[in-house]
Amino acid sequence: MFDHVIAGVTVVDGTGGPAFVADVGTRGGRIARIGTIGADEESRSREDGTGLMLAPGFVDPHTHYDAQLFWDPYATPSLNHGVTTVAAGNCGFTLAPLNPDRPEDADYTRRMMSKVEGMSLVALEEGAPWNWHGFGEYLDALEGRIAVNAGFMVGHCALRRYVMGADAVGGQPSDEQLDQMLRLLHAAMDAGAWGFSTTQSSTHTDGDGQPVASRHARPAELLALARAVGEHEGTQIEAITAGCLDQFSDAEIDLFAELSAVAGRPLNWNVLTVDAAVPERVPRQLYASERARKAGGRVVALTMPILTPMNMSLGTFCALNLIPGWGPILALPLPERIARLRDPEVRAEMLRRADSKEAGVFRRLARFGRYVIGDTYSDANRGLSGRVVEDIAAERGQDPFACLVEICAADRLRTVLWPMPTDNDPASWALRAETWRHEDVLLGGSDAGAHLDRMCGAPYTTRFLGDCLRGRRLVGVEQAVKMLTDDPARLFGLRERGRIEAGFHADLVLFDPERIDAGQATLVHDLPGDSPRLDARALGVRAVWVNGVEAIRDDAVSGAVPGRVLRSGRDTRTVSTR
Numbered sequence: 005m006f007d008h009v010i011a012g013v014t015v016v017d018g019t020g021g022p023a024f025v026a027d028v029g030t031r032g033g034r035i036a037r038i039g040t041i042g043a044d045e046e047s048r049s050r051e052d053g054t055g056l057m058l059a060p061g062f063v064d065p066h067t068h069y070d071a072q073l074f075w076d077p078y079a080t081p082s083l084n085h086g087v088t089t090v091a092a093g094n095c096g097f098t099l100a101p102l103n104p105d106r107p108e109d110a111d112y113t114r115r116m117m118s119k120v121e122g123m124s125l126v127a128l129e130e131g132a133p134w135n136w137h138g139f140g141e142y143l144d145a146l147e148g149r150i151a152v153n154a155g156f157m158v159g160h161c162a163l164r165r166y167v168m169g170a171d172a173v174g175g176q177p178s179d180e181q182l183d184q185m186l187r188l189l190h191a192a193m194d195a196g197a198w199g200f201s202t203t204q205s206s207t208h209t210d211g212d213g214q215p216v217a218s219r220h221a222r223p224a225e226l227l228a229l230a231r232a233v234g235e236h237e238g239t240q241i242e243a244i245t246a247g248c249l250d251q252f253s254d255a256e257i258d259l260f261a262e263l264s265a266v267a268g269r270p271l272n273w274n275v276l277t278v279d280a281a282v283p284e285r286v287p288r289q290l291y292a293s294e295r296a297r298k299a300g301g302r303v304v305a306l307t308m309p310i311l312t313p314m315n316m317s318l319g320t321f322c323a324l325n326l327i328p329g330w331g332p333i334l335a336l337p338l339p340e341r342i343a344r345l346r347d348p349e350v351r352a353e354m355l356r357r358a359d360s361k362e363a364g365v366f367r368r369l370a371r372f373g374r375y376v377i378g379d380t381y382s383d384a385n386r387g388l389s390g391r392v393v394e395d396i397a398a399e400r401g402q403d404p405f406a407c408l409v410e411i412c413a414a415d416r417l418r419t420v421l422w423p424m425p426t427d428n429d430p431a432s433w434a435l436r437a438e439t440w441r442h443e444d445v446l447l448g449g450s451d452a453g454a455h456l457d458r459m460c461g462a463p464y465t466t467r468f469l470g471d472c473l474r475g476r477r478l479v480g481v482e483q484a485v486k487m488l489t490d491d492p493a494r495l496f497g498l499r500e501r502g503r504i505e506a507g508f509h510a511d512l513v514l515f516d517p518e519r520i521d522a523g524q525a526t527l528v529h530d531l532p533g534d535s536p537r538l539d540a541r542a543l544g545v546r547a548v549w550v551n552g553v554e555a556i557r558d559d560a561v562s563g564a565v566p567g568r569v570l571r572s573g574r575d576t577r578t579v580s581t582r
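Residues 5 to 582 in the numbering used here are what the sequence shown lists, from first letter to last.
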């Protein structure tokens, strides 16, 4: 007997091969048959798939669902948009291990995650149990209570903090401390960690405003940890440096190549920004992959196939704070911040820094005339929501940045600002399509679970499919599905996932090709403590199954929690670079 049969559905199986019409039956969490299943054959449930498409569950290779899964086992909105497997523990940030002799480390970790990944501090405090010390205990705390499949890297910052305490920020480990870090990393991978993640990015600071712990690590420490990764089956490395935002330095390229080569494991980084206005960026960033292959490693760039909805504010921490020279001004107390922003000389210097080479990819944020005003909070701003700043500035006879500052000041800097993308031109989209064909480029980089009130990358899967089926059509639907399923599954070595194939786990997405898309991002207050986040509805997704169990039907969760904590070795096989 089948558990469920989808009859007459168009199967896009994840291999990139032509779509075909078939019946698909599941049994015991696996795909039992693809072909013809007679109406007289017994099944617990059956539905007509005529006119619909069936794809493998999507795999998101870069998320930060480490905390959210405790209060939201459905990893919304990712699961709504067909994502059945998530990779978390990225960028060197994890909630474990925690030193049992220093209970204050949990508070430090919460404040760091709130600052560096834009997570609600109240949600972190109230929504997770914080009842673990070892990494294995953290994984066990999630086992059996999540609706998606989830794999976790172990973060460098947590390893350093566990061993070095407060000295992790600014200090160097002794030989004994490095050995202890290595033992912790081995224990985490023995328990199922997918590998090791780290950050050297200049944008990553902790809750005290200091560079996060891993930024103080020297190459010898990083290489020692990478070697440990290579001693375990089914493991990976994920790393971030300052150059990920724009263009790598020679030292960063060498570091990535060496980390991958000494581990004999792939290293992925986030995120490759494609913009035809900066044509030299893509070749420079992908030189890291070329250099790695020569060294015996593999470096994979993640890139997003959509323009991610992202809002800004002068009142709360966001990407504007990361523009060189802007952080100290935007961190001032509110009255002083407004006064400084209203100073023409201060604004002139801010604009100069924002348009300098050192600003890198953040230069795109300095086109203030192209911002759209979102939510407003004062009578002075009544009627401005939805309008473009350059139009308002022209009416008022003001410079666009000065105009924007006055609008925000009237709201005491609470105004929501939506920057219009500068790279939404045909040349940039053509360059993206070309870049996606590179063997070391993978779709992803949603940051789902992080920056919750500022960006909404989780719906990239459905928005990309809608664009491929009815929009720009830069790739065919078969290739698009492969890029969202089999390609990331193969990079991570996922066992029997990523394709619709007999015997594979029944992670499936049933969708209407005429409607598949993502709705507009909207701000909702549904986190613990009534904290806000951006959310977007899934359009045209009929149902999502995880391990053969229906988890989503018509954009609503079923209440089932069929997901699994995917552990290295057991659920992943080694993807060697040698």
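C-beta atoms are modelled at their ideal positions from N, C-alpha and C, and glycine is treated no differently.
What does the alpha-carbon distance come out to for the pair residue 509 and residue 554?
13 Å
Would residue 12 and residue 486 qualify as a contact pair, given that the criterion is a beta-carbon distance under 8 Å?
Taking C-beta atoms as the reference points, residue 12 and residue 486 fail to come closer than 8 Å.
Assign residue 529 to one of two classes, buried (16 or more other C-beta atoms within 10 Å of its C-beta) or exposed (fewer than that).
So residue 529 ends up on the exposed side.
Quick one: Cα of residue 469 to Cα of residue 520, how far?
7 Å
Considering only their Cβ atoms, is the gap separating residue 328 from residue 293 smaller than 8 Å?
no
Determine the burial state of residue 121: buried for a count of at least 16 other Cβ atoms within 10 Å of its Cβ, exposed for fewer.
buried
Output the boundary residues of the beta strand (DSSP E) element that contains residue 375.
375 to 377
Considering only the beta carbon of each residue, do residue 114 and residue 129 sit closer than 8 Å?
yes
Should residue 599 and residue 200 be called a contact, given that it needs their Cβ atoms to be closer than 8 Å?
The question about residue 599 has no answer here: the residues shown for the chain are numbered 5 through 582.
Decide yes or no for the touch test of the stretch 104 to 113 against the stretch 476 to 492: beta carbon pairs closer than 8 Å, at least 3 of them.
no
Can you give, in chain order, each stretch of the beta strand (DSSP E) that sits fully within the stretch 225 to 284 and has at least 3 residues?
240 to 245 and 270 to 274
List the endpoints of the continuous alpha helix (DSSP H) containing residue 552.
Note, residue 552: premise wrong, no alpha helix (DSSP H); not H, not E.
How would you call residue 76, buried or exposed, if buried means at least 16 neighbouring beta carbons within 10 angstroms?
Residue 76 should be labelled buried.
Would you mind sorting residue 146 into buried or exposed? The rule is 16 or more other CB atoms within 10 Å of its CB.
buried
Smallest Cα separation from residue 438: which of 185, 283 and 15?
Nearest C-alpha to residue 438: 283.
Out of 495, 436, 353 and 185, which one is the CA nearest neighbour of residue 227?
Ranking 495, 436, 353 and 185 by Cα distance to residue 227 puts 185 first.
Span of the alpha helix (DSSP H) holding residue 432?
430 to 440 is the span of the alpha helix (DSSP H), which, as asked, contains residue 432.
When the Cα atoms are used, what is the spatial distance from residue 435 to residue 248?
18 Å
Does the stretch 459 to 479 come within contact of the stretch 33 to 42, defined as at least 3 CB pairs closer than 8 Å?
no
How about residue 15 and residue 377: are their beta carbons less than 8 Å apart?
no
Does the separation of the CB atoms of residue 5 and residue 48 fall below 8 Å?
yes
Express the C-alpha separation of residue 568 and residue 300 in angstroms, rounding to a whole number.
33 Å
Check each candidate in 539, 579, 550 and 497 and name the one with the smallest Cα separation from residue 511.
550
Measuring only the C-alpha atoms, how far is residue 64 from residue 307?
12 Å
Using the Cα positions of residue 251 and residue 203, report the straight-line distance between them to the nearest angstrom.
16 Å
Would you mind sorting residue 180 into buried or exposed? The rule is 16 or more other CB atoms within 10 Å of its CB.
exposed
Run through DSSP, which three-state label would residue 177 get?
DSSP places residue 177 in coil when its eight states are reduced to three.
Which residue spans inside the stretch 303 to 384 form an unbroken alpha helix (DSSP H) run of at least 4?
331 to 334, 338 to 346 and 348 to 358
When the Cβ atoms of the stretch 393 to 409 are set against those of the stretch 249 to 268, are three or more pairs found closer than 8 Å?
no
Starting from residue 57, follow its DSSP beta bridges and name the residues at the other end.
14 and 515
Do the CB positions of residue 643 and residue 548 come within less than 8 Å of each other?
Shown here, the chain extends from 5 to 582; a query on residue 643 therefore has no answer.
May I have the straight-line CA-CA distance separating residue 91 from residue 353, to the nearest angstrom?
Each residue's alpha carbon lies about 40 Å from the other.
Rounded to a whole number of angstroms, what is the C-alpha to C-alpha distance between residue 417 and residue 384?
13 Å
I need the straight-line Cα distance from residue 218 to residue 274, nearest angstrom please.
Residue 274 has its alpha-carbon roughly 17 Å from the corresponding atom of residue 218.
With C-beta atoms as the reference, is residue 423 less than 8 Å away from residue 316?
Yes, they are a contact pair.
Mind checking residue 54: buried by the 16 CB within 10 Å criterion, or exposed?
The residue is exposed, with fewer than 16 neighbouring Cβ atoms inside 10 Å.
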